[in-house]
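Engineer: Residue numbers (the working numbering), protein chains in the order written: chain G, 37 to 437; chain H, 37 to 437. Sharing a structure below in structure tokens format, with a few things to ask.
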């Protein structure tokens with residue numbers, strides 16, 4: 037975190053010192069997302085991508101409307117996981133031609149909404165073919181579709197695997213030809229393929245390998261496509277470092293793999309564009325969660341900083357969002373950045389449950405009630421992925437700065 | 037689940053067949069809580085309690101306003117964990133004299149709200165003494181207080197320990213005399229003690245042991261009380277069986293322990309009432325979660341039932357609410373209760389994440405889209421403890437029936 041600017045001992049986020057930011061928001065706890073960091077991250081990814089590769093933002097990582105609107109201006113398209121997210125994307129001004137919708141359990145009405153909106157639907161089951169055909173007929177509009185593939189390989193290194201083996205996501209490779217045939221028969225507007233092998237992968241070489249395998253698979257399956265492939269969404273799943281010992285992703289091998297894919301696609305799938313779908317990687321490091329210390333308690337030799345925020349706003353930091361072993365997100369006392377002294381303290385929330393922990397026995401600047409605890413790496417899967425109503429405490433605020 | 041009534045092969049809840057209930061609610065997914073089961077459970081607990089022991093409902097387990105209103109009529113008081121829950125309790129018609137408020141991080145405004153409402157505040161830190169004294173002075177109202185004790189012993193058998201050792205909850209035993217003295221000096225209206233050693237305990241003998249130890253501790257600390265003890269909240273934490281092999285709690289040893297406590301309290305703390313605070317145990321088994329099968333997918337030999345509900349409504353059933361190892365809640369196909377045939381299937385939700393699992397490879401009646409999946413033991417820590425906004429899907433409904 038050496039890159040973090042400070043003014044008079046305060047962390048600055050979006051150029052604003054933390055206590056001023058808290059006053060501007062008008063309450064704690066809050067999440068703050070930094071436009072400059074978002075833009076810098078998109079620029080860094082662009083620099084690593086060969087020309088012609090599309091970059092999409094996966095809204096699921098952070099659906100705050102203002103942030104989605106900001107990201108829309110930086111990327112080539114938005115990927116959504118529900119009609120709710122689709123509405124956010126369209127309200128943000130996204131061109132429906134550059135919005136795609138994936139999800140293993142799309143409701144009937146969501147498929148109709150997708151056709152009525154003109155977005156691309158990533159088909160994940162034969163059921164969706166029939167429902168989309170009905171929607172087309174009723175609405176007198178085309179259904180733009182791609183097939184989401186559940187590949188016949190697994191990608192290594194992913195924090196969560198979302199492809200390979202038996203999965204509810206996408207169409208098994210073996211079943212793809214039949215689905216393509218049905219798409220052709222139903223008169224849907226076929227545009228391409230989608231794969232998403234896994235998420236939170238910190239190994240560039242393994243991501244590269246997954247991209248190459250995915251592309252290979254698409255080339256193989258494209259033979260059965262009813263019309264030429266225009267769009268190949270190769271997924272994302274690029275990770276960010278959360279815990280001690282984790283290293284930032286090395287993009288060099290990813291870049292090389294994409295260059296090879298780009299070259300081969302030009303000859304074997306002329307007219308098709310490869311697209312990446314990144315969520316956490318674009319926004320995760322641009323966000324912080326800020327809570328205020330309400331009380332400082334010493335219990336049998338241990339220091340507890342009891343804050344007004346906790347797992348109800350930040351489930352992932354509490355370790356209850358898919359983690360098997362709880363580890364601390366990076367945490368600091370944001371208004372005491374110049375303090376050299378350190379004490380071991382646990383940061384907990386206001387909830388009557390031992391699950392409500394933001395940091396367990398970690399080294400922090402000694403602090404007092406009124407101080408501001410900052411949890412870094414909080415730009416993705418924050419408030420929308422947390423049980424905000426739990427125990428009836430107020431919701432957090434969000435600010436784009 | 038032999039006790040569940042069915043009509044024409046459908047599970048009945050609150051006396052209503054499941055498909056009719058779904059039509060009444062007007063949507064899936066929904067939670068349904070059965071008044072008769074709630075009342076029967078309260079009656080069973082009353083039958084096991086010696087006369088004179090008070091029974092409180094811990095609103096945190098299920099804060100649905102209609103349910104809180106119903107429970108208010110059955111129990112002797114309501115325990116709340118935030119000003120938000122306090123508002124639900126008071127709106128439900130609870131007498132503030134019988135409402136108590138606990139929480140390790142009460143905000144300043146919450147303490148003022150508590151004084152203005154006349155509820156009992158369980159003090160968890162010296163900080164609260166000063167804030168309550170200020171509130172009293174400003175409002176010209178008394179502050180009713182008890183001291184929440186972090187005991188110097190741990191209770192065994194609890195799924196989550198909330199007392200003993202270093203904890204953010206309550207006041208360490210060793211510090212209680214000083215806090216009692218401060219309460220006296222500040223002129224707060226002292227009423228008693230509160231302990232909550234742990235939750236989800238399925239061992240009656242261990243709960244009994246915890247109650248006896250807690251009572252013993254209260255007797256010891258009562259010597260330093262500024263005024264006679266009127267109220268001793270001995271907590272709850274009684275568990276319900278969720279997983280195969282778990283047995284319902286045996287109340288006999290608990291009942292015996294409470295009788296002994298009652299007898300001894302009459303002589304050593306005359307005028308004091310012992311109170312139990314139960315949440316999950318009163319409501320957990322009275323609730324079901326119901327989701328509709330959207331799709332039936334066969335992926336590489338495994339059956340996936342993709343439903344319109346999932347972890348965003350029922351985080352606990354997905355295994356992401358404090359569980360270390362994910363296990364299946366009891367699940368059935370609620371409109372096929374008469375079907376004898378079984379298949380192994382996984383029940384998943386509509387979210388683009390492998391965390392979105394309601395049941396993994398479990399035996400179910402073979403089912404089709406349109407069928408209703410029922411997750412039992414869902415009356416506590418359901419919607420309020422789940423990330424409902426995750427991925428932008430609709431919220432679940434709730435019905436008291």
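The beta-carbon is built from N, C-alpha and C at its ideal position, and this holds for glycine as well. Values in this document were obtained by computation on a predicted structure and should not be read as measured data.
#1: Between residue 389 of chain G and chain H, is the shortest Cβ-Cβ distance under 8 angstroms, so that the two count as touching?
#2: Who are residue 42 of chain H's beta bridge partners in DSSP?
#3: Could you give the DSSP three-state label for residue 209 of chain G: helix, strand or coil?
#4: Interface residues of chain H around residue 121 of chain G at Cβ under 7 angstroms?
#5: Is the beta carbon of residue 352 of chain H less than 8 angstroms from the beta carbon of residue 421 of chain H?
#6: Measuring alpha carbon to alpha carbon, tell me which of H:178, H:294, H:330 ends up nearest residue 219 of chain H.
#7: With a CB to CB cut of under 6 angstroms and the five nearest residues on each side skipped, what residues in its chain are close to residue 237 of chain G?
#8: Residues in the same chain with beta-carbon distance under 6 angstroms from residue 269 of chain G, minus the five sequence neighbours each way, listed in chain order, please.
#9: Answer yes or no: does any C-beta atom of chain G fall closer than 8 angstroms to that of residue 136 of chain H?
#10: Going by DSSP, what residues sit across from residue 225 of chain H in a beta bridge?
#11: Looking at residue 85 of chain G and residue 294 of chain G, is the spacing between their C-beta atoms short of 8 angstroms?
#12: Does the segment 350-367 of chain H come close enough to the segment 406-422 of chain H to have 3 or more Cβ pairs within less than 8 angstroms?
#13: Could you say which of G:203, G:151, G:149, G:153 lies nearest to residue 160 of chain G if we only look at CA atoms?
#14: Can you name, in chain order, every residue of its own chain whose Cβ lies under 8 angstroms from the Cβ of residue 186 of chain G, other than the five neighbours on each side?
#15: Residue 143 of chain G touches chain H at which residues, Cβ-Cβ below 8 angstroms?
#16: What residues match up with residue 299 of chain G in a beta bridge as DSSP calls it?
#17: With a floor of 3 residues, list each beta strand (DSSP E) that falls wholly inside the segment 366-407 of chain H, ordered by position along the chain.
#18: Answer with buried or exposed for residue 279 of chain H, where buried requires no fewer than 16 other C-beta atoms within 10 angstroms of its C-beta.
#19: Cα-Cα, which of H:157, H:338, H:404 is closest to residue 139 of chain H?
#20: Could you work out which residue in H:122, H:321, H:106, H:369 is closest to residue 341 of chain H when comparing CA atoms only?
#21: So for residue 291 of chain H, helix, strand or coil by DSSP?
#22: Taking residue 202 of chain G as the query, report the chain H residues whose CB atoms sit under 7 angstroms from its CB, ordered along the chain.
#23: State the beta-bridge partners of residue 331 of chain H as determined by DSSP.
#24: Residues of the segment 98-121 of chain G with a CB closer than 7 angstroms to any CB of chain H: list them in chain order, please.
#25: Does any residue of chain G have a CB that is nearer than 8 angstroms to the CB of residue 358 of chain H?
#26: Candidates G:331, G:395, G:378, G:82: which alpha carbon is nearest residue 362 of chain G's?
#27: Ends of the beta strand (DSSP E) at residue 136 of chain H?
#28: Please say whether residue 416 of chain G and residue 316 of chain G have beta carbons closer to each other than 8 angstroms?
#29: Beta-carbon within less than 8 angstroms of residue 153 of chain G's beta-carbon, same chain only, minus the 5 sequence neighbours each way: which residues are those?
#30: For chain C, check one thing: does any of its Cβ atoms lie closer than 8 angstroms to the Cβ of residue 351 of chain G?
#31: Could you round the C-beta distance between residue 318 of chain G and residue 262 of chain G to whole angstroms and report it? I think they count as a contact, below 8 angstroms.
#32: Are residue 94 of chain H and residue 115 of chain H touching if we call contact CB-CB under 8 angstroms?
#33: Using 10 angstroms around the beta-carbon of residue 283 of chain G, count the other beta-carbons present and answer buried if the total reaches 16, otherwise exposed.
#34: Between the C-alpha atoms of residue 337 of chain H and residue 52 of chain G, what's the straight-line distance to the nearest angstrom?
#35: Using a Cβ-Cβ distance under 8 angstroms, would residue 422 of chain G count as near chain H?
#36: Following the continuous beta strand (DSSP E) through residue 159 of chain G, name the residue where it begins and the one where it ends.
Structural biologist: With the given structure in hand:
#1: yes
#2: H:47
#3: helix
#4: 427, 428
#5: Taking a C-beta distance under 8 angstroms as the contact criterion, residue 352 of chain H and residue 421 of chain H qualify as a contact pair.
#6: H:178
#7: 193, 194, 243, 273, 275
#8: 230, 311, 313
#9: Judged by the 8 angstroms Cβ criterion, residue 136 of chain H is not in contact with chain G.
#10: H:180
#11: yes
#12: They touch, by the three-pair rule.
#13: G:203
#14: 199, 200, 203, 205, 206, 207, 208, 209
#15: 330, 344, 386
#16: None, per the DSSP bridge assignment.
#17: 367-369, 379-384, 393-400
#18: exposed
#19: Relative to the Cα of residue 139 of chain H, the nearest Cα in the group H:157, H:338, H:404 belongs to H:157.
#20: H:369
#21: helix
#22: 335, 336, 337, 338
#23: Checking the DSSP bridge columns, you'll see residue 331 of chain H partnered with H:342.
#24: Correct list: 99, 117, 118, 120, 121.
#25: For residue 358 of chain H, the answer is yes, since a Cβ of chain G falls inside 8 angstroms of its Cβ.
#26: G:395
#27: 135-137
#28: yes
#29: 122, 126, 132, 135
#30: The displayed structure is made up of protein chains G and H, and chain C is not among them.
#31: Contact flag wrong, Cβ pair sits at about 33 angstroms.
#32: yes
#33: exposed
#34: 55 angstroms
#35: Yes, residue 422 of chain G lies at the interface with chain H (some Cβ there is under 8 angstroms from its Cβ).
#36: 156-159
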